[in-house]
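*Asks:* For the sequence shown, our numbering begins at 37 and goes up steadily by one.
All C-beta atoms in this analysis are idealised placements derived from N, C-alpha and C, irrespective of residue type, glycine included.
Note that the coordinates shown come from a computational prediction; the quantities given were computed from them, not determined experimentally.
Mind having a look at this structure? Questions to follow.
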Amino acid sequence: MSKHSSETDGRNQVTITYCPGCGWLLRSAWMAQEILTTFREEVDGLTLRPSRDESGVFRVEANGELVWCRNRDGGFPEIKALKQAIRDCVAPERNLGHSES
């Protein structure tokens with residue numbers, strides 16, 4: 037199993053947790069589409085998870101590692117920065133092409 041794969045089943049998983057009360061489903065779905073398109077060979081699954089317990093939340097995890105937190109990182113990520121953070125977890129050797137510069 038790759039050291040960058042999920043500990044549970046060897047597959048790369050991404051989870052986006054968002055606040056449904058804040059209306060962030062559309063933003064989360066767009067980011068999910070961008071992630072799945074960019075990492076079509078590397079990411080085996082992506083979960084959109086509405087937060088029932090915490091309002092104002094927006095978090096992205098790759099293989100259980102927190103790669104973006106709206107509160108910690110100061111707002112929403114630019115898609116380029118998010119893709120680079122996910123790449124570092126699921127395929128660190130991969131060049132993202134124009135997203136890299």
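Pick out whichever of V50, A65, L118 has its Cα sitting closest to the Cα of P139.
*Replies:* With the chain represented from 37 up to 137, any question about residue 139 goes unanswered, as that position is not in the structure.
*Asks:* Which one of G81, N99, T51, R88 has the shortest CA to CA distance from V126?
*Replies:* Ranking the options by Cα distance to V126, first place goes to N99.
*Asks:* Do the CB positions of V93 and I122 come within less than 7 Å of each other?
*Replies:* Cβ atoms of V93 and I122: not closer than 7 Å.
*Asks:* Verify the CB distance criterion: does S91 have a CB-CB separation below 7 Å to chain B?
*Replies:* The displayed structure is made up of one protein chain only, and chain B is not part of it.
*Asks:* Would DSSP call S41 helix, strand or coil?
*Replies:* Interpretation of S41 is limited by its pLDDT of 46, a score under 50 that renders its predicted location unreliable; no figure is taken from the coordinates.
*Asks:* With burial defined as no fewer than 16 other Cβ atoms inside 10 Å of the residue's Cβ, what is the status of E78: buried or exposed?
*Replies:* E78 comes out buried.
*Asks:* Between the C-alpha atoms of R47 and F112, what's the straight-line distance to the nearest angstrom?
*Replies:* Near 26 Å, if we compare the C-alpha coordinates of F112 and R47.
*Asks:* Between which residues of its own chain and E90 is the CB-CB distance below 8 Å, once the five residues before and five after are set aside?
*Replies:* These residues qualify, in order along the chain: C55.
*Asks:* On a Cα-Cα basis, can you pick out the residue from N107, T73, W60, V96 that is closest to L132?
*Replies:* Here the closest residue by C-alpha is T73.
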